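Down below is the structure, laid out as structure tokens.
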Amino acid sequence: MVRHLLPRPDSVLCAALAADLDAADLRSEPLRAAWGAEADDALARGIRSPLLRAIEGRTDALATLGRLFVLGMPQPEADVAAALPRTGADGLETLGLGYREDGRVVPSALIRPQSFVDADGVGEWWIASDLDELALHHMDGGGALPPDHVLGVGGASRTLASLVMPLEVERALDLGTGCGIQALLVSRHAGTVIATDISARALAYAELNAMLAGVRNIEFRQGSMFEPVAGESFGLIVSNPPFVITPRGAGVPEYEYRDGGLVGDALVEAFVRQAPSHLVPGGSAQLLGNWESVGSTLGLRRLESWIAPELDAWVVQRETLSPLGYAELWIRDGGTTPRDAEFEPLLDAWLADFAARGVTEIGFGYVLIRRPAAVDGAEAAAGPLRRFETLPQPVTSVGRALRDGLAGHDALAEGIPDVLLVAADVTEARHHMPGQEAPSVIELRQGGGFGRTISVDPALAGFVGAGDGDLSVTQIAGALADLFEVPLVDLWTDLEPRLRALVTDGFLIPADR
1 MVRHLLPRPD SVLCAALAAD LDAADLRSEP LRAAWGAEAD DALARGIRSP
51 LLRAIEGRTD ALATLGRLFV LGMPQPEADV AAALPRTGAD GLETLGLGYR
101 EDGRVVPSAL IRPQSFVDAD GVGEWWIASD LDELALHHMD GGGALPPDHV
151 LGVGGASRTL ASLVMPLEVE RALDLGTGCG IQALLVSRHA GTVIATDISA
201 RALAYAELNA MLAGVRNIEF RQGSMFEPVA GESFGLIVSN PPFVITPRGA
251 GVPEYEYRDG GLVGDALVEA FVRQAPSHLV PGGSAQLLGN WESVGSTLGL
301 RRLESWIAPE LDAWVVQRET LSPLGYAELW IRDGGTTPRD AEFEPLLDAW
351 LADFAARGVT EIGFGYVLIR RPAAVDGAEA AAGPLRRFET LPQPVTSVGR
401 ALRDGLAGHD ALAEGIPDVL LVAADVTEAR HHMPGQEAPS VIELRQGGGF
451 GRTISVDPAL AGFVGAGDGD LSVTQIAGAL ADLFEVPLVD LWTDLEPRLR
501 ALVTDGFLIP ADR
């Protein structure tokens, strides 16, 4: 049985460990080169044998630490001592990351390199977390994860990281920090970051990871939701909260990393209702979450009702699941499979809970809420941005797209800007019927951001095509009115709302931004 140790952050030992990991070159690219790209990809699917075959017989520091910390495998004590000359097995035990047993060092945590790209460039950190399902399966034979399990950087963490707007703020809050990856990312653009979690174990990992990264502007506090920051305000709040809908009852595990202890989607509702009071004017809150469709009321409509009408709100629903699909997803996520005796009772509990509350569908996505920076003048006249949409297509660089969309909305407060430029990632596609000179369909496509594709008519396509900065909006509209032989006022009445949408969507950019 693997010992479930509590991490004990120590700045001196973490500095020594970071130096050892650096000397061993325990980073993403060297590891991928050591065991091959195909094997590296297989690890994400829970397959490790190709990686082991690739480094079989190697006892160098990279191979030893790759097996110990990336795969979670016990290693000979002598090999670990050679790979970690500054830290040693004693240091790992003191940090709560491993222990000696029968001449081997047994890991009690994973430490994996995590690459990132943001406005400041490319970087990489080592992120410690609890042993994952794969490591526990090979050491303990598998089974459900412990209720206080602390995840590493998974799909949800990477999704939120891609969503967070690159904003320079004085103070930021990472609510439900987990292993601390979001706090680390936000720390690059914030003077001070407060990282909170209900789990003492998660906070220990998060603090240890900050020490490994040499980041000193993060403060760690334990508590639920906004309790640890009562009366405080922030320029940016980010959260991957424990939003997973879990039936309340005996026999259903309550995983701290994903279950907030409330009924249904009440935790997401509580967050979006409470977050605005912790934002400075102009501040934003971003979170991942899910929301239930109850009876004939769609989840997005319920979510919209939770957000005060004076706030900017941009909600994107990425997918929906049936109650059965949702239950199966999260039961498996906890390490329980249909082969296990616990699976059917858990499935029955989930389905009974959904049925009792009339839940017909569960939506997944992300939420952006912004407190207005001003309440008078042109900005107030423009009104808040209220956008609730479903976008199934793949997306990239969404954080920048969200930031630019808000900036575009703000720029429109006093009307259409004098000069609009077509964004660099926008292309045009024209579809022709055989033998026809005029296109039957004209599309504008985004190469980045939300990857939107919209159909436009010749007038709007002509306007976008002239958006190189040489002509003002008024000049382009006048030329198009002459070209299509229509009154300018009629053309502008048709174009103006669609130009606004193109600015908010990022197809067109104000020249002075």
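348 is the number that UniProt numbering gives to position 348 of the sequence shown; each next residue is one higher, with no gaps.
Glycine included, C-beta positions come from ideal geometry on N, C-alpha and C.
All figures in this text were calculated on a predicted structure; none of them were measured in a lab.
Own chain partners of residue i with C-beta closer than 7 Å, once the 5 adjacent residues on each side are dropped
i      : result
THR87  : LEU13, ALA16, LEU17, ASP20
LEU480 : ALA459, GLY462, PHE463, LEU491
GLY467 : LEU420, LEU421, VAL422, LEU508
GLY249 : ALA349
GLN393 : GLY451
LEU151 : SER129, GLY178, CYS179, TYR257
ASP376 : Low per-residue confidence applies at ASP376: pLDDT is 49, beneath 50, and the placement is therefore not dependable enough to give any value.
ARG430 : PRO439, ILE442
ARG221 : ILE194, THR196, PRO228
HIS149 : ASP130, TYR255, TYR257
Whether residue i touches residue j by CB criterion (7 Å)
i      : j      : result
TRP39  : PRO50  : Just to set this straight, residue 39 is Ala in the shown sequence, not Trp. Yes, these two residues count as a Cβ contact at 7 Å.
GLY235 : GLU310 : no
LEU163 : VAL398 : yes
PHE243 : LEU267 : yes
GLY295 : GLY358 : yes
GLY363 : GLY260 : no
VAL80  : VAL105 : yes
LEU6   : GLY96  : yes
SER115 : SER28  : yes
SER233 : HIS278 : yes
LEU185 : ALA161 : yes
SER157 : ILE181 : yes
LEU385 : ASP340 : no
GLY405 : ASP425 : no
Whole-angstrom C-beta distance between residue j and residue i, which should lie under 8 Å
i           : j      : result
GLU77       : ARG45  : The pair is not a contact, with the Cβ atoms about 31 Å apart (cut-off 8 Å).
TRP35       : ALA61  : In fact, because the Cβ distance is near 15 Å, the residues do not count as touching under 8 Å.
VAL263      : LEU346 : Not confirmed; about 17 Å, so no contact.
LEU131      : VAL2   : 7 Å
PRO9        : ALA183 : The pair is not a contact, with the Cβ atoms about 14 Å apart (cut-off 8 Å).
LEU65       : LEU26  : 5 Å
ALA230      : PRO276 : In fact, because the Cβ distance is near 15 Å, the residues do not count as touching under 8 Å.
residue 514 : PHE271 : With the chain represented from 1 up to 513, any question about residue 514 goes unanswered, as that position is not in the structure.
THR390      : GLN436 : Not really, about 34 Å apart at Cβ, beyond 8 Å.
Reference residue i, options the options, closest by Cα
i           : options                        : result
residue 582 : VAL117, ALA54, SER108, MET225  : With the chain running from 1 to 513 in the structure shown, residue 582 is simply not present.
ALA202      : SER233, PRO241, GLN114, ALA172 : PRO241
HIS138      : ASP148, PRO107, PHE116         : PRO107
THR360      : GLU292, LEU368, GLU485         : GLU292
ASN290      : TYR366, ASP118, LEU406         : TYR366
LEU31       : ARG67, ARG3, LEU6, ALA135      : ARG67
GLU328      : PHE343, PRO85, ASP25, GLY154   : PHE343
GLN274      : TRP306, GLY223, VAL503         : TRP306
LEU303      : SER277, ARG387, GLU56          : ARG387
VAL280      : TYR326, ILE369, GLU219, PRO146 : ILE369
HIS189      : GLY231, ASP22, VAL215          : VAL215
GLU254      : LEU351, SER440, PRO147         : PRO147
ASP265      : GLY283, ARG445, TRP125, THR246 : THR246
ILE198      : ASP174, ALA213, GLY325, LEU212 : ASP174
ASP353      : GLU124, ARG500, TYR326         : TYR326
ALA411      : GLY91, GLU319, ALA501          : ALA501
residue 555 : LEU495, ASP482, ALA42          : Look at the range of the chain in this structure, 1 to 513, and you will see that residue 555 is not part of it.
ALA172      : ASN217, GLY154, GLY447         : ASN217
GLY154      : GLU168, LEU167, ARG112, ASP140 : ARG112
ILE454      : ALA23, ASP482, GLY506, THR474  : GLY506
ARG371      : ILE237, LEU499, ALA200         : ILE237
Proximal residues to residue i (C-beta, below 6 Å), its chain only, five neighbours per side dropped
i      : result
GLU133 : GLY335
MET165 : GLY399, LEU402, ARG403
VAL122 : none
GLY191 : GLU170
GLU379 : Confidence at GLU379 is low in this model, with a pLDDT of 49, below 50, so the placement of that residue should be treated as unreliable; the coordinate-derived value is given next. The residues are ALA413.
ILE476 : PHE463, ALA466
ALA373 : PRO281, GLY282
Close-in-space but distant-in-sequence residues of the same chain around residue i (CB under 8 Å, 5 per side omitted)
i      : result
ALA355 : PRO323
ALA135 : LEU71, GLY72, MET73, PRO107, LEU110
ALA511 : PRO417, ASP418, VAL419, LEU420, LEU421, GLY469
VAL486 : none
GLU428 : ILE442, GLU443, LEU444, ARG445, ALA461, VAL464, GLY465
beta-carbon residue i near the ligand PLP non-hydrogen atom, thresh 6 Å
i      : result
PHE354 : Questions concerning the ligand PLP fall outside what the structure shown contains, since it holds no ligand whatsoever.
is_contact[residue i, chain B] using C-beta, thresh 7 Å
i      : result
GLY261 : No chain B appears in the structure shown, which is made up of a single protein chain.
3 or more residues per run - each beta strand (DSSP E) lying fully within the segment 449-491
Correct list: 453-456.
So within the segment 394-427, which uninterrupted beta strand (DSSP E) runs reach at least 3 residues, ignoring any that extend past its ends?
420-422
Tell me the start and end of each unbroken alpha helix (DSSP H) in the UniProt domain "Methyltransferase small" (156-290) that is at least 4 residues and wholly inside, in chain order.
181-187, 200-213, 266-274
Would you list, in sequence order, the uninterrupted beta strand (DSSP E) runs of no fewer than 3 residues that lie entirely inside the segment 309-358?
312-321
Going residue by residue through the UniProt domain "DUF7059" (23-106), where are the continuous beta strand (DSSP E) segments of at least 3 residues, counting only ones entirely within it?
98-101
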